Amino acid sequence: MIGHAGTHATFWVVAFSVFVLGLRHGADPDHLAAIDNLTRNSLGVRARLSRFVGTLFAGGHSIMVLAIAALAGLLGSRIAMHGALLESIGTWVSIVTLFVIAALNLRQLGLNRVGAVAGFKNAMLPRALRMATSPLAAIPIGLLFGLGFDTSSQVATYALALTSGAGVVPGLLIGLVFSLGMTVTDTLDSILVHKLCTRQPLELVRATRVWIIAVTTLALVVGSYELAQALGWRSPVPDLTVSVLLVGSLFLIFAWTFTWSARSPGGPDHRAAVSTLTVSPGPK
Numbered sequence: 007m008i009g010h011a012g013t014h015a016t017f018w019v020v021a022f023s024v025f026v027l028g029l030r031h032g033a034d035p036d037h038l039a040a041i042d043n044l045t046r047n048s049l050g051v052r053a054r055l056s057r058f059v060g061t062l063f064a065g066g067h068s069i070m071v072l073a074i075a076a077l078a079g080l081l082g083s084r085i086a087m088h089g090a091l092l093e094s095i096g097t098w099v100s101i102v103t104l105f106v107i108a109a110l111n112l113r114q115l116g117l118n119r120v121g122a123v124a125g126f127k128n129a130m131l132p133r134a135l136r137m138a139t140s141p142l143a144a145i146p147i148g149l150l151f152g153l154g155f156d157t158s159s160q161v162a163t164y165a166l167a168l169t170s171g172a173g174v175v176p177g178l179l180i181g182l183v184f185s186l187g188m189t190v191t192d193t194l195d196s197i198l199v200h201k202l203c204t205r206q207p208l209e210l211v212r213a214t215r216v217w218i219i220a221v222t223t224l225a226l227v228v229g230s231y232e233l234a235q236a237l238g239w240r241s242p243v244p245d246l247t248v249s250v251l252l253v254g255s256l257f258l259i260f261a262w263t264f265t266w267s268a269r270s271p272g273g274p275d276h277r278a279a280v281s282t283l284t285v286s287p288g289p290k
């Protein structure tokens with residue numbers, strides 16, 4: 007699509023659409039859970055670098071995104087006939103994953119275990135990565151997350167690269183713009199969690215509950231929206247507009263929480279504050 011764009015305007019419309027898909031993918035609850043967990047784990051070890059766990063995660067994830075997008079651009083019409091099937095499978099996997107994430111976090115709230123956001127993929131990682139304390143572990147974790155086709159935004163991006171029909175370069179451009187959007191959201195997430203973890207323990211618990219509720223709501227809303235579409239409902243609002251609204255809502259929560267934490271007095275020792283929370287490492 008980018009390779010065959012007739013005008014500058016068409017190119018920028020496509021680029022903006024892919025960038026928004028990247029922003030939305032970065033707001034995927036599984037991303038938020040993995041980044042949340044590693045940011046907390048690494049805070050007491052490498053405090054300065056821990057705020058950029060999201061950037062490192064997105065960097066590892068982008069390696070797979072670029073590779074798959076380039077491959078999709080190269081294969082083009084050779085596998086385009088299977089595009090609808092791949093999209094359908096990806097959509098249903100996404101729906102199930104989102105509802106599982108919502109259930110895990112509702113259970114965590116119900117048990118009053120307010121720690122890191124619970125995730126589906128994060129629980130499936132090797133224990134060494136789940137319990138890692140180095141921010142650099144975010145790179146291989148992001149790389150492993152990039153192996154899936156389980157979010158609608160990711161599938162839509164690969165489908166766009168698939169139908170561009172102009173080879174590797176357009177596929178890489180699509181993957182790059184998508185990765186930039188994802189990096190923005192993931193970086194903001196780790197900066198926010200880092201900021202929250204410098205608060206007094208009681209304030210940290212309250213803010214973390216708000217954050218978990220926000221992520222759970224996001225999972226339920228997106229999961230319900232995708233389920234309705236999969237069952238035949240057609241939204242009167244374009245998908246791009248829905249993505250902008252979802253990401254915009256999350257950014258508002260980012261801004262409110264960050265501003266609130268900046269006004270609140272910091273704790274004397276952020277390591278002690280983090281240790282007061284129950285962070286579930288997932289199954290062994």
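Going by my numbering, the first residue of the sequence shown is number 7, and it counts up by one from there.
Glycine is no exception: its CB is placed at the ideal position from the N, C-alpha and C atoms.
Predicted model only: the values in this text are computed from it and were never measured.
- For the segment 188-231, not one full-length alpha helix (DSSP H) segment reaches 4 residues or more.
- Taking all protein chains in view, the Cβ of Ala108 is crowded by 16 or more other Cβ atoms within 10 Å, so the residue is classified as buried.
- Between Ala21 and Val253, the C-beta gap is not smaller than 8 Å, which leaves the two residues out of contact.
- DSSP places Trp239 in the coil class of the three-state scheme, outside both helix and strand.
- Residue burial is scored here from C-beta neighbours: Gly66 has at least 16 other C-beta atoms within 10 angstroms and is therefore classed as buried.
- The alpha-carbon separation between Ala213 and Ser230 amounts to approximately 26 Å.
- The beta carbons of Ala40 and Gly177 sit about 26 Å from each other, so the pair does not count as a contact at 8 Å.
- Contact between Val199 and Asp42 holds, with the beta-carbon distance rounding to 5 Å and staying under 8 Å.
- The three-state secondary structure of Asp34, taken from DSSP, is coil.
- Below 8 Å, too few C-beta pairs join the segment 218-238 and the segment 55-64 to call them touching: fewer than three.
- The Cβ-Cβ distance between Arg52 and Ser140 falls below 8 Å.
- Its Cα nearest to that of Leu202, the residue Trp266 stands out among Met188, Ala144 and Trp266.
- In this structure, the straight-line span from the alpha carbon of Val102 to that of Val71 is close to 22 Å.
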